[in-house]
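Chemist: All residue numbers for the sequence shown refer to our numbering, where the first residue is 75 and numbers rise by one.
Ideal Cβ positions, reconstructed from N, Cα and C, are used throughout, including at glycine.
The model shown is predicted, which means the values in this text are computed figures rather than measured ones.
Pasting a structure below so you can have a look.
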Amino acid sequence: MSLVIAFSITVILLHELKPLALRINLVDHPDDDRKHHEGKIPLIGGLAMFCGFMLALLFLDQSLSGLRSLIAGAAILMIVGVLDDFQDLPPGTRFLAQMLVALMIIVQDGAVLHNLGTIGWTSGDLELGLFFGWPLTILAVIMAINAINMVDGVDGLAGGLTLITLSSLAFISWMGGLEQLFIVLLLLIATVLAFLRFNLRYPGQPKAKVFMGDAGSMFLGFIVVWFLIIFSQGEHHSMTPVTALWIFALPLLDTGTTSIRRILKGHSPFEADREHLHHLLLDAGFTVTQVIVILVGSAICLALIGLIGLYFLVAETVMFWTFMAIFMLVFFFCRHLKTQAVPPFKS
């Protein structure tokens, strides 16, 4: 019942809020650089997914006490995101909000990165004290939130990549017997599927009808990183820390390689440009649909590798350094793409 509610409410809101968004100018405008869509696109995806998820939670026959910080943090980021979609907020305001929700989950849930697993630097697990654990957790939350935002540049990409991560987490929770969190993840999957109904390109819908906006990317990024930390640390521990890298691979690879290239150029890692994976593929001549197939397909393969490594007990050291090797391959692959001829943008 809750799954039907999550999906249905999200679909209804996405349909009904479009005229309102156009009237109040809650829309995204095309530009000559990174945004090549046609006309004004309503930025209501995040708000609709948030409302669909929250209303569905009310129909669950179980306590929500363990989700207080998740709900509160998501609400804070939703409000900040909607305000940012209306009128660009200063970057400092967004970062303060992200730091606040990171501190909330640390204090309320004890969601701290205190163990990075066996990744080759020590003979056992790499343990972090509070001195390193808290700052690293805050950094991880901010990076995950912005990673979803950075891949939200092609119709269906951010939603598709988030869907892969949520599905992987749902499988892990099911295998680990975490029934409540499994149901919560199914609700989130339902809302993302409803959003993709309006955001993904397919026969009969050649262009996205809505975007998720900063509200959606911050909401989904926060949700994802909360589960990644909870499942890799503490009482709900059901996966190794390195597994988190694999099931959230594409956003991390894109954000990491892009940030390094910007820093090497002497620019801010948060400075907008056309050097994300999806931009480079588009500029190399691929269509939007081809880019989605390439990147989402790659994300599925990487997530499956992570899950196979987890359940077939592949050494964490092997999994970690294999991921780092892939990171380097992606970095140099992006440099290669930049050398290709830049044809007109294909939609």
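For Phe425, report the span of its alpha helix (DSSP H) as first-last.
Modeler: No answer is possible for residue 425: the residues shown for the chain start at 75 and end at 421.
Chemist: When the distance is taken between beta carbons, is Ala318 closer than 8 Å to Ser306?
Modeler: Taking the sequence shown and counting its residues from 1, one reaches residue 306 at position 232. Taking the sequence shown and counting its residues from 1, one reaches residue 318 at position 244. A contact, by the Cβ cut-off of 8 Å.
Chemist: Go ahead and pull the three-state DSSP assignment for Ile118.
Modeler: Taking the first residue of the sequence shown as position 1, residue 118 is located at position 44. The answer is coil: DSSP assigns Ile118 none of H, G, I, E or B.
Chemist: Answer yes or no: do Gly295 and Ile222 have a C-beta to C-beta separation smaller than 8 Å?
Modeler: As a first step, residue 295 must be located in the sequence shown, where it is residue number 221. As a first step, residue 222 must be located in the sequence shown, where it is residue number 148. Yes, Cβ-Cβ distance for Gly295 and Ile222 is below 8 Å.
Chemist: Could you check the C-alpha separation between Leu177 and Met152 for me, to the nearest Å?
Modeler: For the purposes of this step, residue 177 is taken as the residue at position 103 of the sequence shown. For the purposes of this step, residue 152 is taken as the residue at position 78 of the sequence shown. Taking the CA atoms as reference points, Leu177 sits about 17 Å from Met152.
Chemist: State the Cα-Cα distance for the pair Phe391 and Arg275, rounded to the nearest angstrom.
Modeler: By 1-based counting over the sequence shown, the position of residue 391 is 317. By 1-based counting over the sequence shown, the position of residue 275 is 201. The displayed chain sequence assigns Thr, not Phe, to residue 391. Rounded to whole angstroms, Thr391 to Arg275 spans 39 Å at the Cα level.
Chemist: Pull up the DSSP beta-bridge partners for Asn189, would you.
Modeler: Locating residue 189 in the sequence shown gives position 115, where the first residue counts as 1. In DSSP, Asn189 forms a bridge with Glu201.
Chemist: If you draw a straight line from the C-alpha of Gly147 to the C-alpha of Phe169, how long is it?
Modeler: Taking the sequence shown and counting its residues from 1, the one referred to as residue 147 is at position 73. Taking the sequence shown and counting its residues from 1, the one referred to as residue 169 is at position 95. Distance between the alpha carbons of Gly147 and Phe169: 13 Å.
Chemist: Asn220: buried (16+ other C-beta within 10 angstroms of its C-beta) or exposed?
Modeler: By 1-based counting over the sequence shown, the position of residue 220 is 146. Buried is the label assigned to Asn220, since at least 16 other Cβ atoms lie within 10 Å of its Cβ.
Chemist: Where does Pro418 land, buried or exposed, given buried means 16+ other C-beta within 10 angstroms?
Modeler: Stepping through the sequence shown from its first residue, residue 418 is reached at position 344. Note that Pro418 scores a pLDDT of 45, beneath 50, so its modelled location is shaky and nothing firm can be said.
Chemist: Would you call the segment 225–232 and the segment 283–302 in contact, with 3 or more CB pairs under 8 Å?
Modeler: yes
Chemist: In terms of alpha-carbon separation, which member of Leu100, Leu378, Arg271 lies closest to Leu117?
Modeler: Counting from 1 along the sequence shown, the entry for residue 117 is found at position 43. Measuring from the Cα of Leu117, the nearest candidate turns out to be Leu100.
Chemist: Can you tell me whether Asp102 is helix, strand or coil according to DSSP?
Modeler: Residue 102 sits at position 28 when you count from the first residue of the sequence shown. Three-state DSSP puts Asp102 in a strand.
Chemist: How about Gly308 and Gly166: are their beta carbons less than 8 Å apart?
Modeler: To locate residue 308, count along the sequence shown from 1; it is residue 234. To locate residue 166, count along the sequence shown from 1; it is residue 92. Result no, Cβ atoms of Gly308 and Gly166 do not sit closer than 8 Å.
Chemist: If we ignore side chains and look at the alpha-carbon of each, how far apart do Gly371 and Leu231 end up?
Modeler: Residue mapping note: residue 371 aligns to position 297 of the sequence shown, counting from 1. Residue mapping note: residue 231 aligns to position 157 of the sequence shown, counting from 1. Their Cα atoms are separated by approximately 11 Å.
Chemist: Report, in whole angstroms, the separation of the C-beta atoms of Met313 and Ile246, which I expect to be a contact under 8 Å.
Modeler: Looking up residue 313 in the sequence shown gives position 239. Looking up residue 246 in the sequence shown gives position 172. Confirmed, about 5 Å.
Chemist: Can you give me the C-alpha to C-alpha distance between Gly119 and Phe397, rounded to a whole angstrom?
Modeler: Translated into the one-based positions of the sequence shown, residue 119 becomes position 45. Translated into the one-based positions of the sequence shown, residue 397 becomes position 323. Taking the straight line from one Cα to the other gives about 32 Å.
Chemist: Just to confirm, are Ser76 and Leu261 a CB contact at a threshold of 8 Å?
Modeler: Position 2 of the sequence shown, counted from the start, is the residue given in the question as residue 76. Position 187 of the sequence shown, counted from the start, is the residue given in the question as residue 261. Yes, these two residues count as a Cβ contact at 8 Å.
Chemist: Determine contact between the segment 207–215 and the segment 338–355, defined as no fewer than three beta-carbon pairs at a distance below 8 Å.
Modeler: no
Chemist: How many Å lie between Leu464 and Leu240 at the Cα?
Modeler: For residue 464 there is no data in the structure shown, the boundaries of the chain being 75 and 421.
Chemist: According to DSSP, is Gln307 part of a helix, a strand, or is it coil?
Modeler: Within the sequence shown, residue 307 is the residue found at index 233, counting from 1. Here Gln307 sits in coil by DSSP.
Chemist: For the putative contact between Val299 and Ala218, defined by C-beta atoms under 8 Å, what is the C-beta separation to the nearest angstrom?
Modeler: Working through the sequence shown from its first residue, we reach residue 299 at position 225. Working through the sequence shown from its first residue, we reach residue 218 at position 144. Contact holds; Cβ gap of about 4 Å.
Chemist: My output table needs one value for Leu364: the three-state DSSP class, helix, strand or coil.
Modeler: Numbered from 1 along the sequence shown, position 290 holds the residue referred to as residue 364. Here residue 364 is Gln; the residue named in the question, Leu, does not match the sequence. Helix, per DSSP.
Chemist: Kindly indicate which three-state DSSP category Gln136 falls into: helix, strand or coil?
Modeler: Counted from its first residue, the sequence shown places residue 136 at position 62. It is coil, neither helix nor strand.
Chemist: CA-CA distance, Gly203 and Ile98?
Modeler: Here the question's residue 203 lines up with position 129 in the sequence shown. Here the question's residue 98 lines up with position 24 in the sequence shown. So the alpha carbons of these two residues sit roughly 48 Å apart.
Chemist: To the nearest angstrom, how far is it from the Cα of Trp395 to the Cα of Thr329?
Modeler: By one-based count along the sequence shown, residue 395 stands at place 321. By one-based count along the sequence shown, residue 329 stands at place 255. The straight-line gap from Cα to Cα measures roughly 18 Å.
Chemist: In this structure, how does DSSP classify Gln161 when only helix, strand and coil are distinguished?
Modeler: Position 87 of the sequence shown, counting from 1, holds the residue named residue 161. The answer is coil: DSSP assigns Gln161 none of H, G, I, E or B.
Chemist: Under a Cβ-count criterion, where at least 16 other Cβ atoms within 10 Å of its own Cβ denotes burial, should Ala415 be classed as buried or exposed?
Modeler: Sequence index remark: in the sequence shown, residue 415 carries index 341 (1-based). Unreliable positioning characterises Ala415 in this predicted model, as indicated by a pLDDT of 46, which lies under 50. A coordinate reading is not provided.
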